[in-house]
Amino acid sequence: MERVRVGIIGVGYLGMQHARILSYLEEADLKGVADIDFKRAMQIGNRHGVNYYKNFEQMLDEIDAAIVATPTSEHYAITMKLLKAGKSVLVEKPIAETVEQAEEMVAEAEKRGIILQVGHLERFNPAVEAIESLITEPKFIEVQRLGSFSARSLDIDVVLDLMIHDLDIILSLIKDKVKTIRSSGIHVLSDKIDIANARLEFESGCVANLTA
Numbered sequence: 001m002e003r004v005r006v007g008i009i010g011v012g013y014l015g016m017q018h019a020r021i022l023s024y025l026e027e028a029d030l031k032g033v034a035d036i037d038f039k040r041a042m043q044i045g046n047r048h049g050v051n052y053y054k055n056f057e058q059m060l061d062e063i064d065a066a067i068v069a070t071p072t073s074e075h076y077a078i079t080m081k082l083l084k085a086g087k088s089v090l091v092e093k094p095i096a097e098t099v100e101q102a103e104e105m106v107a108e109a110e111k112r113g114i115i116l117q118v119g120h121l122e123r124f125n126p127a128v129e130a131i132e133s134l135i136t137e138p139k140f141i142e143v144q145r146l147g148s149f150s151a152r153s154l155d156i157d158v159v160l161d162l163m164i165h166d167l168d169i170i171l172s173l174i175k176d177k178v179k180t181i182r183s184s185g186i187h188v189l190s191d192k193i194d195i196a197n198a199r200l201e202f203e204s205g206c207v208a209n210l211t212a
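Right, dumping it as structure tokens:
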């Protein structure tokens, strides 16, 4: 079996977990890690016995694919460089800061015939997988996803950090178009939206009410 050579860009909490999991996957060969915090890259690299870099472009010749686990503001630029170098990419959610950036990333991957996947880990939650087989025609969905402020990714608002999980799940459950969206949000502890509510009404009549 030919193993996929993988590099990780950004080894904060999520990147560290990716490195841990890749280190024991038979299908993957962790070749290196990169982080602008070179001491952090060295720490994680030494932990898994792989090369470490400050600049991810230094490991492009060693990898077939990459995981991007940097702050969201860096997703677009890093992922586009990887795709243009012919590397398949798993980028953590949210895929990018804007829809336009996301569409450009998808188009680049399609043009080159390589994989671009977004790290929506809740899709693989056993509870979510069970719901998909049990609920076929939902009528009303109520979701509340709350997290401590210190544990959130503070470079983005709560919609892109937390609510995005539930939006993704709901859109996979309801095979219909969204008819109307009503939403509101407030600042509490940061200059971004910290608490948000969204009510989605679908053409089928289903209503989803989300709070994060």
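Count the sequence shown with the working numbering and you get residues 1 to 212, in order. All C-beta atoms in this analysis are idealised placements derived from N, C-alpha and C, irrespective of residue type, glycine included.
Requested in this report: Could you check which residue in Q43, L146 and V68 has the C-alpha nearest to that of I95?
Outcome: Ranking Q43, L146 and V68 by Cα distance to I95 puts V68 first.
**Report entry** Cα-Cα separation between M163 and A212, rounded to whole angstroms
**Finding:** Whole-angstrom Cα-Cα distance: 6 Å.
Query - Top-ranked residue by Cα proximity to I181, from S172, R199 and D194 - result: Closest option to I181, Cα to Cα, is R199.
Report task. Run the proximity test for S133: is its beta-carbon closer than 7 Å to any non-hydrogen atom belonging to the ligand FAD? Result -> The model on display carries no ligand, and the ligand FAD is accordingly not part of it.
Report task. Determine the extent of the beta strand (DSSP E) in which S183 is found, giving its start and end residues. Result -> That run of the beta strand (DSSP E) goes V178 to I186.
Query raised in the report: Which first and last residues belong to the beta strand (DSSP E) in which Q144 is found?
Result: Element bounds for Q144: F140 to Q144.
Query raised in the report: Exposed or buried, F124, counting other C-beta atoms within 10 Å across all chains shown (16 or more means buried)?
Result: It is exposed - the Cβ of F124 has fewer than 16 other Cβ atoms within 10 Å.
Query raised in the report: Does the region 104-120 come close enough to the region 42-59 to have 3 or more Cβ pairs within less than 8 Å?
Result: No contact exists between the region 104-120 and the region 42-59.
Query raised in the report: Given M80, which residues of its chain have a CB within under 8 Å of its CB, disregarding the five upstream and five downstream residues?
Result: E104, M105 and E108, listed in sequence order.
Query raised in the report: If you compare alpha carbons, which of D191, V188 and I174 is closest to G205?
Result: Sorting D191, V188 and I174 by C-alpha distance to the C-alpha of G205 places I174 at the top.
Query raised in the report: If we ignore side chains and look at the alpha-carbon of each, how far apart do G10 and D37 end up?
Result: In a straight line, the C-alpha of G10 is about 9 Å away from that of D37.
Query - Rounded Cβ spacing between K62 and G32 (contact assumed at less than 8 Å) - result: First, the residue type needs correcting, since residue 62 is Glu and not Lys in the sequence shown. Confirmed, Cβ separation roughly 6 Å.
Query raised in the report: At which residues does the beta strand (DSSP E) containing Y76 begin and terminate?
Result: Here Y76 belongs to no beta strand (DSSP E); instead the alpha helix (DSSP H) covers H75 to K84.
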